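Protein chains: 2
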Amino acid sequence: MKAIAVYQGDGHPSLVDVPKPEPEAGEALVRTLRVGVDGTDHEVLSGGHGGFPEGEEYLVLGHEAVGVVEDPNGTDLERGDVVVPTVRRRPNGANEYFQRGEPDMAPAGEYHERGIDGAHGFMAEYFTSPAEYLVVIPEALASVGFLVEPVSISEKAIEHAYASRSAFEWNPESALVLGNGSLGLLTLAMLGLEYGYDADRLYCLGRRDRPDPTIDIIEELGATYVDSRETPVDEIPDVHESMDFIYEATGFPKHVFQSVHALAPNGVAALLGVPSDWEFEVDGGAFHSELVLHNKALVGSVNSHVKHFEAATESLAAMPEWLLDSLVTGIYGLDEFERAFDDDDTTIKTAVQFSTYEERR
Amino acid sequence: MKAIAVYQGDGHPSLVDVPKPEPEAGEALVRTLRVGVDGTDHEVLSGGHGGFPEGEEYLVLGHEAVGVVEDPNGTDLERGDVVVPTVRRRPNGANEYFQRGEPDMAPAGEYHERGIDGAHGFMAEYFTSPAEYLVVIPEALASVGFLVEPVSISEKAIEHAYASRSAFEWNPESALVLGNGSLGLLTLAMLGLEYGYDADRLYCLGRRDRPDPTIDIIEELGATYVDSRETPVDEIPDVHESMDFIYEATGFPKHVFQSVHALAPNGVAALLGVPSDWEFEVDGGAFHSELVLHNKALVGSVNSHVKHFEAATESLAAMPEWLLDSLVTGIYGLDEFERAFDDDDTTIKTAVQFSTYEERR
């Protein structure tokens with residue numbers, strides 16, 4: 035079968051022929067529909083993140099997948115179920131995090147990540163997975179099911195950040211999303227639709243000139259676009275307002291320090307982006323005292339588990355069609371899969387299509 | 035009546051004569067027993083923290099008090115009740131934080147702090163307070179009741195830090211207290227007595243040479259003393275182990291950055307110390323990515339409210355007598371009150387005594 039992989043040292047994706055996988059006991063065979071591309075894929079391609087499966091010269095890419103169960107293989111799934119796979123897998127034997135269903139909390143070395151680190155991904159015509167890591171979603175979401183995984187990352191990050199504010203009465207009213215990529219935009223929509231923020235107190239930071247499709251989406255959502263070139267994060271309280279909640283998805287480490295000053299008292303910033311090492315000068319005293327004197331928190335979050343995939347499915351179902359239509363700027367077949375990896379100012383979210391829900395092979 | 039106050043520009047405490055206060059409606063009159071001295075008092079004396087009541091040339095010091103109700107004045111209290119006052123008061127009129135009993139979450143400008151900022155403290159023969167801010171404690175704790183307020187600060191900080199870990203199964207087993215002052219030592223004891231840490235996985239950081247009374251207490255508690263001159267915080271995982279929980283009470287801002295690396299995956303650091311501004315270079319990228327990739331959190335916490343004073347009272351009641359005896363290194367009458375403000379390597383915790391529980395005036 036066809037798959038999209040990166041070879042060691044190559045730096046770009048290739049179409050390869052690999053054997054069709056056979057499900058083992060407890061695993062189902064899934065026919066792949068679509069697999070999304072995100073920044074992590076680009077980091078994997080450049081060698082900046084993740085790693086190859088042991089003994090393999092290539093890694094099948096893709097961790098944002100949606101597919102249809104082709105062979106339930108004795109599991110509780112049914113043929114035809116539309117499913118989204120979670121990403122982390124046990125590397126060898128069980129560990130406590132997988133046992134309690136929280137692989138997202140496993141430390142380095144105690145997990146593989148399919149399509150990222152140590153295990154092949156889902157960019158192939160078929161994949162297998164233990165049934166416990168396949169989340170069934172409604173048929174109606176089959177075409178956008180590849181967005182469930184990225185949205186699940188936000189579900190977890192918001193859950194953990196909000197938990198940090200659960201020891202007192204916290205009524206957040208203003209929120210700032212740092213990053214106008216697809217995940218930032220989806221999260222901006224979630225904050226309005228599900229978390230009760232009024233659109234006029236939602237802000238999204240980017241550094242794009244108008245006209246720009248992401249700015250259009252921000253404004254169509256009723257939120258305010260903040261151009262970081264004009265208004266750095268720590269100046270946002272002066273220009274707009276202080277933020278009860280900040281969602282950092284850019285991986286730009288100066289945002290962490292600026293965010294503490296942009297937060298309102300008792301606010302929290304959820305951190306998701308992963309930067310490289312970078313030394314710079316900060317006012318560590320002001321950073322520290324601001325956290326303490328105003329009861330502020332910073333909460334890092336990585337990956338997600340089945341519960342967050344389920345929440346993400348509900349979030350996606352609640353999103354207006356125009357938003358998902360505007361957000362998904364390209365779906366590419368295997369004949370032009372390279373285009374899914376292009377990244378320019380007209381690209382928001384792309385996916386590779388391996389088959390369609392309607393197909394019966 | 036006698037009181038201990040600081041005059042503007044003076045920098046040192048003075049014994050002054052002030053009118054005995056008259057309780058207003060809803061307030062009780064309290065005869066002061068003892069009032070503790072802490073680092074905040076020294077910062078107030080040096081002018082580095084807090085402020086004088088409006089229109090006053092002096093500030094009566096003291097925020098760690100215990101007293102006996104002399105006149106309940108129609109409140110629900112009874113004459114003879116041993117009480118500890120909370121610290122924050124409404125500056126003018128009500129605000130939502132005071133209304134819901136969470137003045138510790140009020141932002142700057144929406145509170146006064148008795149003995150610290152904008153309101154006279156408790157270092158006087160008598161004080162008045164709204165009854166709602168007087169926490170009744172057992173008579174048996176009258177002599178150490180001035181420790182309730184500092185312990186309440188830890189109760190809140192631990193509650194908030196633990197809340198940040200409540201969205202997943204977190205079973206902390208190792209903990210590090212940064213700071214071997216009285217609050218650090220009390221917290222170290224609490225972590226062992228109430229939070230289930232085995233003593234051999236408790237650590238306390240200081241920078242003292244042996245023999246030293248704080249090191250003696252750390253080791254009597256069964257915990258491990260870590261000398262920061264030999265083992266900086268970020269090297270603790272190599273020398274000892276990674277920490278599920280870190281409690282930062284020194285206000286040394288480099289600890290914040292080092293702590294993120296000393297935390298075990300999924301760990302949290304509670305921040306309480308308040309530093310001054312200080313610019314220095316950090317690896318902001320490594321700091322940021324470590325927070326994200328290992329689901330770590332930093333939670334700042336200031337002040338506390340009635341619930342935390344009640345929890346602190348229970349914590350104090352559970353502490354062994356030897357610990358409190360070793361910790362309280364000096365109780366000084368008004369004739370030698372200056373000694374309570376001395377600070378050397380033999381001093382752990384001091385208080386000024388205004389009267390004794392047994393006295394009847």
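As you go down the protein sequences, you meet chains A and B in turn.
Take any residue in the first sequence, note its place counting from 1, add 34, and you have its number in my numbering.
Take any residue in the second sequence, note its place counting from 1, add 34, and you have its number in my numbering.
Here a beta-carbon is modelled for each residue, glycine too, at the ideal position from N, C-alpha and C.
Predicted model only: the values in this text are computed from it and were never measured.
Does the CB of residue i have a neighbour CB from chain B at under 8 Å?
i, result
"SER262 of chain A", "no"
"PHE132 of chain A", "no"
"MET224 of chain A", "no"
"SER200 of chain A", "yes"
"LEU239 of chain A", "no"
"ASP317 of chain A", "yes"
"PRO87 of chain A", "no"
"HIS328 of chain A", "yes"
"PRO279 of chain A", "The sequence shown places Phe at residue 279 of chain A, not Pro. No, PHE279 of chain A lies away from the interface with chain B (no Cβ there is under 8 Å from its Cβ)."
"PHE321 of chain A", "yes"
"ALA197 of chain A", "yes"
"TRP312 of chain A", "yes"
"MET353 of chain A", "no"
"ALA283 of chain A", "no"
"HIS194 of chain A", "yes"
"VAL116 of chain A", "no"
Checking 8 Å against the spacing of the C-beta atoms, do residue i and residue j come in under that value?
i, j, result
"ALA197 of chain B", "ALA201 of chain A", "yes"
"GLU173 of chain B", "LYS36 of chain B", "no"
"PRO57 of chain B", "ASP105 of chain B", "yes"
"VAL78 of chain B", "LEU95 of chain B", "yes"
"ALA62 of chain A", "THR162 of chain A", "yes"
"TYR167 of chain B", "THR221 of chain B", "no"
"ALA165 of chain A", "LEU111 of chain A", "yes"
"PRO287 of chain B", "HIS322 of chain A", "yes"
"ALA298 of chain B", "TYR281 of chain B", "no"
"VAL386 of chain A", "VAL69 of chain A", "yes"
"ALA140 of chain A", "ASN129 of chain A", "yes"
"GLY364 of chain A", "THR390 of chain A", "no"
"TYR237 of chain B", "HIS194 of chain B", "no"
"ALA283 of chain A", "LEU332 of chain A", "no"
Check the Cβ-Cβ distances between residue i and every residue of chain A, and say whether any is below 8 Å.
i, result
"ASP378 of chain B", "no"
"VAL50 of chain B", "no"
"ASP75 of chain B", "no"
"ARG395 of chain B", "Residue placement at ARG395 of chain B is poorly supported in this model, since its pLDDT is 48, which falls under 50; the coordinates still yield a value, given next. For ARG395 of chain B, the answer is no, since every Cβ of chain A falls outside 8 Å of its Cβ."
"ASN300 of chain B", "yes"
"LEU220 of chain B", "no"
"ASN129 of chain B", "no"
"ALA209 of chain B", "no"
"ASN126 of chain B", "no"
"LYS288 of chain B", "yes"
"MET139 of chain B", "yes"
"LEU305 of chain B", "yes"
By the DSSP assignment, the alpha helix (DSSP H) with residue i in it spans what residues?
i, result
"TYR196 of chain B", "182 to 197"
"PHE279 of chain B", "It is not in any alpha helix (DSSP H) - PHE279 of chain B instead sits in the beta strand (DSSP E) that spans 277 to 282."
"LEU175 of chain A", "Careful: LEU175 of chain A lies outside any alpha helix (DSSP H) and carries neither H nor E."
"PHE343 of chain B", "340 to 352"
"LEU210 of chain B", "No alpha helix (DSSP H) contains LEU210 of chain B, which is instead part of the beta strand (DSSP E) from 209 to 212."
"SER360 of chain B", "355 to 361"
Could you tell me the boundaries of the beta strand (DSSP E) in which residue i lies?
i, result
"LEU20 of chain A", "Past the boundaries of the shown model lies residue 20 of chain A; chain A is included only from 35 to 395, so the question cannot be answered."
"SER163 of chain A", "160 to 164"
"LEU332 of chain A", "331 to 334"
"ALA385 of chain A", "383 to 387"
State yes or no: is the C-beta of residue i nearer than 7 Å to some heavy atom of the ligand ATP?
i, result
"TYR229 of chain B", "Annotation note on the ligand ATP: not contained in the displayed structure, which lists no ligands."
Note down, one range per segment and in chain order, each beta strand (DSSP E) of at least 3 residues found wholly within the stretch 114 to 146 of chain B.
The stretch 114 to 146 of chain B contains, as complete beta strand (DSSP E) runs of 3+ residues, the segments 116 to 119 (chain order).
Can you list the alpha helix (DSSP H) stretches of 4 or more residues lying completely in the stretch 41 to 101 of chain A, in chain order?
The qualifying runs are 73 to 80.
At 4 residues or longer, and completely inside the stretch 302 to 327 of chain B: list those alpha helix (DSSP H) runs for me, N to C.
The stretch 302 to 327 of chain B contains these whole alpha helix (DSSP H) runs: 318 to 327.
If you scan the stretch 221 to 294 of chain A from start to end, which runs of the beta strand (DSSP E) of 3 or more residues do you find wholly inside it?
Within the stretch 221 to 294 of chain A, the runs of beta strand (DSSP E) that reach at least 3 residues and sit entirely inside it are, in chain order, 236 to 240, 258 to 261, 277 to 282.
Three or more C-beta pairs below 8 Å linking the stretch 330 to 346 of chain B and the stretch 177 to 194 of chain B:
Yes, the stretch 330 to 346 of chain B touches the stretch 177 to 194 of chain B.
Three Cβ pairs or more, each shorter than 8 Å: is that satisfied between the stretch 226 to 242 of chain A and the stretch 78 to 88 of chain A?
Inter-segment contact for the stretch 226 to 242 of chain A and the stretch 78 to 88 of chain A is absent: fewer than three beta-carbon pairs are separated by less than 8 Å.
Is there contact here, the stretch 332 to 344 of chain B with the stretch 353 to 367 of chain A, by at least three beta-carbon pairs under 8 Å?
They do not touch, by the three-pair rule.
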